[in-house]
Amino acid sequence: MGLTKTQIFNVEQNELAVIFKVLSNPARIAILQYISRQDACICNDIVDEIGLAQPTISQHLKELKSIDLIRGEIEGKKVCYCINLPKWTAIQDLLNSFFNTTKSNCC
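Here's what the structure looks like:
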């Protein structure tokens, strides 16, 4: 049996790939920017701000939660979302390490 694609790469490479994949959608970037400017927000606020349908926003929130970048707390019938600061910092450190070790040796 052969190796899966992820098995031939190291942990950092796989982690970066997952992060970049989740962040590759402009709607998710817009959601992150909106949430990061708030103390917390409910999903309906995000729908009003971003202009996408509720199910679409929910799917994007699910993807952002899959890498633990945001947290959601249930308050009654609403879910308030916020940036998970420890994970945000860890991702920032990982990306800084990636970009800072890349040499500028192109033509």
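Going by my numbering, 14 is the number at position 17 of the sequence shown; the sequence numbering is gapless.
Where a beta carbon is used, it is the ideal one built from N, C-alpha and C, also for glycine.
Query	Result
Taking the C-alpha atoms as reference points, what is the distance between residue 42 and residue 50?	12 Å
Taking Cβ positions, are residue 67 and residue 16 nearer each other than 8 Å?	no
What separation, rounded to the nearest whole angstrom, lies between the Cα atoms of residue 45 and residue 22?	18 Å
Within its chain, find whatever has a CB closer than 6 Å to the CB of residue 57; leave out the 5 residues flanking it on each side and keep chain order.	24, 25, 28
In angstroms with no decimal places, state the Cα-to-Cα distance between residue -2 and residue 101.	With a pLDDT of 45 at residue -2, under the threshold of 50, the modelled position of that residue is not reliable, and no figure is offered here.
Cβ of residue 73 within 8 Å of Cβ of residue 62?	no
Hey, out of 32, 97, 75, whose CA is closest to residue 81's CA?	32
In this structure, how does DSSP classify residue 68 when only helix, strand and coil are distinguished?	strand
Could you spell out where the beta strand (DSSP E) holding residue 75 opens and where it closes?	75 to 80
When the Cα atoms are used, what is the spatial distance from residue 79 to residue 4?	33 Å
For residue 9, count the other beta carbons within 10 Å of its own beta carbon; 16 or more makes it buried, fewer makes it exposed. Which is it?	exposed
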